[in-house]
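Only one structure is covered here, and it is reproduced in the block below.
Residue numbers (our numbering): 1 to 82.
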């Protein structure tokens with residue numbers, strides 16, 4: 001879950017893991033640890049037409065979540081870290 005000081009300008013004030021409730025440490029609006037942000041824009045062939053769902057997971061909750069997948073995630077290595 002993301003909370004903004006100013007919604008229009010997207011000044012980030014807080015990130016909380018939607019699963020465990022852990023607050024992610026921010027410094028000048030930048031997360032000091034990695035967070036998975038998911039967003040789904042539901043369309044015509046769903047029960048959620050026109051809804052946008054978004055959530056954030058800390059790395060530990062993300063790792064627990066992907067272990068439940070029937071088909072594992074694709075992992076690639078990169079030399080450039082953002």
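Positions of the beta carbon are idealized from the N, C-alpha and C atoms, including for glycine.
Distance, Cα to Cα, residue i vs residue j?
i: residue 74; j: residue 4; result: 32 Å
i: residue 42; j: residue 54; result: 11 Å
i: residue 76; j: residue 63; result: 16 Å
i: residue 59; j: residue 39; result: 17 Å
i: residue 23; j: residue 17; result: 6 Å
Throw me the rounded Cβ distance for the residue i and residue j pair, which I believe falls under 8 Å.
i: residue 56; j: residue 36; result: 7 Å
i: residue 6; j: residue 29; result: The pair is not a contact, with the Cβ atoms about 11 Å apart (cut-off 8 Å).
Exposed or buried, what is residue i when buried is set at 16 or more other beta-carbons lying within 10 Å of its beta-carbon?
i: residue 15; result: buried
i: residue 20; result: exposed
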